[in-house]
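If you read the sequence shown in this note's numbering, its first letter stands for residue 32, the second for the next number, and so on. Beta carbons: idealized from backbone N, C-alpha and C, even for Gly.
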Amino acid sequence: MTDTRTPALEARDLTLAYEHAVVFEHLDLTIERGSVTTFVGSNGSGKSTLLKALARLLAPRAGSVLLDGEPLHGQSTRAIARRLAILPQKPLTPSATSVRDLVSRGRHPHQSLLRPWTTTDAAAVEAALAATGIAELADRDAASLSGGQLQRAWIALVLAQETPVVLLDEPTTFLDLSHQLDVLRLVRSMNAERGTTIVMVLHDLSLAARFSDRLVVLGQGRVLADGTPWHVLTPGVLREAFALDAMVIPDPATGTPLVVPHEPALRSI
Ligand SMILES: Nc1ncnc2c1ncn2[C@@H]1O[C@H](COP(=O)(O)OP(=O)(O)OP(=O)(O)O)[C@@H](O)[C@H]1O
Ligand SMILES: [Mg+2]
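Structural data, given as structure tokens:
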């Protein structure tokens with residue numbers, strides 16, 4: 032049993048790079064168990080890169096990532112997938128696969144020759160289809176879904192995987208506002224009911240503030256700000272991270288920070 036004081040995830044002295052570009056150097060980050068953390072930052076600031084490294088989809092050039100206190104390298108992919116699920120920014124949808132079969136892939140890490148498909152697996156899949164509101168689409172070909180429906184099917188896969196740690200890269204892209212709220216409420220209830228540790232990437236700063244315990248602002252190859260939404264979302268940080276001139280006021284519905292951009296006078300073009 033993992034010591035509950037051990038962080039769910041820990042990045043130690045991480046250097047992340049692609050062939051010709053270093054994205055982060057000497058990055059340290061700790062994700063506490065049972066927390067909801069959101070990475071924000073401008074396009075290209077490294078949010079997806081960091082998330083991929085936390086799931087071992089990208090090997091660090093230097094440093095290490097620890098899951099439940101154990102280095103990710105040296106662990107089997109199956110062992111990791113039983114404890115950590117990731118929804119990438121651009122998942123590849125397999126062809127000729129029903130929505131139910133796609134969601135069922137979330138159960139693969141739990142199966143083996145000695146433990147074939149069980150009623151527990153089937154129940155997890157049906158519960159995930161229902162929770163994401165796509166039960167009636169279960170028999171459709173996944174490739175035939177709309178962008179938002181497909182996004183919810185991928186979220187259902189992650190939900191069915193029933194891992195203690197879940198990483199979601201822009202889970203609300205393609206969704207209308209009502210479905211964005213559904214997904215973020217679902218994320219919060221996974222956290223509240225199952226104690227799931229969540230790390231996600233979001234672009235909508237006000238929604239990120241509403242649904243996260245902690246925001247990590249990435250930019251200029253480092254962590255620009257890190258803390259509670261009110262601590263992080265200041266006009267100064269918004270200017271530095273997004274070159275955005277904005278005021279931050281309490282959201283009338285929740286009291287969390289609401290980012291309201293200023294509007295410069297209209298220029299003629
Ligand atoms: N496969 C790759 N090969 C080379 N460079 C890459 C690759 N993936 C990302 N990069 C570069 O690494 C940097 C960080 O990219 P990343 O995708 O992590 O940004 P992001 O913060 O997720 O952006 P977005 O908000 O647009 O999704 C960018 O400069 C990007 O061009
Ligand atoms: Mg990205």
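### Message
What residue range does the beta strand (DSSP E) around Pro-9 cover?
### Response
For residue 9 there is no data in the structure shown, the boundaries of the chain being 32 and 300.
### Query
Are there 16 or more other CB atoms within 10 angstroms of the CB of Gly-100, so buried, or fewer, so exposed?
Position 69 of the sequence shown holds residue 100. By the neighbour-count definition (other C-beta atoms within 10 Å, threshold 16), Gly-100 is an exposed residue.
### Message
Pull the bridge partners of Met-231 from the DSSP assignment, please.
### Response
Along the sequence shown, read from residue 1 onward, the residue named residue 231 stands at position 200. Thr-69, Leu-199.
### DSSP-derived helix/strand/coil call for Leu-212
Counted from its first residue, the sequence shown places residue 212 at position 181. Three-state DSSP puts Leu-212 in a helix.
### Collapsed DSSP secondary structure at Gly-77 in the structure displayed
Residue mapping note: residue 77 aligns to position 46 of the sequence shown, counting from 1. DSSP places Gly-77 in coil when its eight states are reduced to three.
### Message
Helix, strand or coil for Gly-94? Go by DSSP, reduced to three states.
### Response
Here residue 94 corresponds to residue number 63 of the sequence shown, with the count starting at 1. Residue state for Gly-94 is assigned as strand, using DSSP reduced to three classes.
### Message
Ala-90 and Thr-124 - do their beta-carbons sit closer together than 7 Å?
### Response
Here residue 124 corresponds to residue number 93 of the sequence shown, with the count starting at 1. Here residue 90 corresponds to residue number 59 of the sequence shown, with the count starting at 1. The beta carbons of Thr-124 and Ala-90 sit no closer together than 7 Å.
### Query
Using 8 Å as the threshold, is the stretch 206-223 in touch with the stretch 173-187, meaning 3 or more CB pairs across them?
yes
#### Entry: Given 8 Å, three or more beta-carbon pairs between the stretch 189-202 and the stretch 113-132
Cβ pair count under 8 Å is three or more, so yes.
#### Entry: Unbroken alpha helix (DSSP H) run spanning Phe-273, endpoints
Position 242 of the sequence shown, counted from the start, is the residue given in the question as residue 273. Start and end: 266-273.
#### Entry: Nearest residue (CA-CA) to Ile-229, options Gly-252, Asp-132, Glu-201
As a first step, residue 229 is located in the sequence shown; it is residue number 198 there, counting from the start. Answer by Cα proximity: Glu-201.
### Query
How many Å lie between Phe-70 and Met-221 at the Cα?
Translated into the one-based positions of the sequence shown, residue 70 becomes position 39. Translated into the one-based positions of the sequence shown, residue 221 becomes position 190. Straight-line Cα distance between these residues: approximately 18 Å.
### Message
For a quick check, are the C-beta atoms of Ala-169 and Arg-109 less than 7 Å apart?
### Response
Here residue 169 refers to the residue found at position 138 when the sequence shown is read from its first residue. Here residue 109 refers to the residue found at position 78 when the sequence shown is read from its first residue. Result no, Cβ atoms of Ala-169 and Arg-109 do not sit closer than 7 Å.
### Message
Rounded to whole angstroms, what is the Cα-Cα separation between Leu-238 and Leu-297?
### Response
Sequence index remark: in the sequence shown, residue 238 carries index 207 (1-based). Sequence index remark: in the sequence shown, residue 297 carries index 266 (1-based). Cα to Cα, the separation comes out at about 28 Å.
#### Entry: Inter-residue Cα distance where the pair is His-141 and Ala-154
Walking along the sequence shown from the start, residue 141 turns up at place 110. Walking along the sequence shown from the start, residue 154 turns up at place 123. Going by the C-alpha atoms only, they are around 14 Å apart.
### Query
If Ala-93 sits next to Asp-44, beta carbons under 8 Å apart, how far is it from one beta carbon to the other, in whole angstroms?
Counting from 1 along the sequence shown, the entry for residue 93 is found at position 62. Counting from 1 along the sequence shown, the entry for residue 44 is found at position 13. So it is a contact: roughly 7 Å between Cβ atoms.
#### Entry: Assigned secondary structure, Leu-45 (DSSP; H/G/I helix, E/B strand, else coil)
Locating residue 45 in the sequence shown gives position 14, counting from the first residue. The three-state reading of DSSP puts Leu-45 in strand, counting E and B together.
### Message
At a threshold of 6 Å, does Gln-120 count as lining ligand 2 (C-beta to nearest heavy atom)?
### Response
Numbered from its first residue, the sequence shown carries residue 120 at position 89. For ligand 2, at least one heavy atom lies less than 6 Å from the Cβ of Gln-120.
### Proximity of Leu-97 and Val-134 at Cβ, strictly below 7 Å
For this step, residue 97 is matched to residue 66 along the sequence shown. For this step, residue 134 is matched to residue 103 along the sequence shown. No. Outside cutoff.
### Message
In the DSSP output, which residue or residues are listed as bridge partners for Ser-129?
### Response
The count along the sequence shown starts at 1 and reaches residue 129 at position 98. Ser-129 is bridged to Asp-172.
### Message
Please classify Asp-354 as buried or exposed, where buried requires at least 16 neighbouring CB atoms within 10 angstroms.
### Response
Because the chain is modelled from 32 through 300, residue 354 falls outside the range shown and cannot be assessed.
### Task
State the Cα-Cα distance for the pair Ser-126 and Gly-178, rounded to the nearest angstrom.
Your numbering for residue 126 matches position 95 in the sequence shown. Your numbering for residue 178 matches position 147 in the sequence shown. Roughly 15 Å separates the two Cα atoms.
### Nearest candidate by alpha-carbon position, reference Asp-276, set His-262, Gly-258, Val-263, Pro-295
Counting from 1 along the sequence shown, the entry for residue 276 is found at position 245. The option with the nearest alpha carbon to Asp-276 is Pro-295.
### Query
Between Ser-79 and ligand 2, is the CB less than 6 Å from at least one heavy atom?
By one-based count along the sequence shown, residue 79 stands at place 48. For ligand 2, at least one heavy atom lies less than 6 Å from the Cβ of Ser-79.
### Task
Return yes when the Cβ of Leu-289 is within less than 7 Å of the Cβ of Lys-78, no when it is not.
In the sequence shown, residue 78 corresponds to position 47, counting from 1. In the sequence shown, residue 289 corresponds to position 258, counting from 1. No, the Cβ-Cβ distance between Lys-78 and Leu-289 is not below 7 Å.
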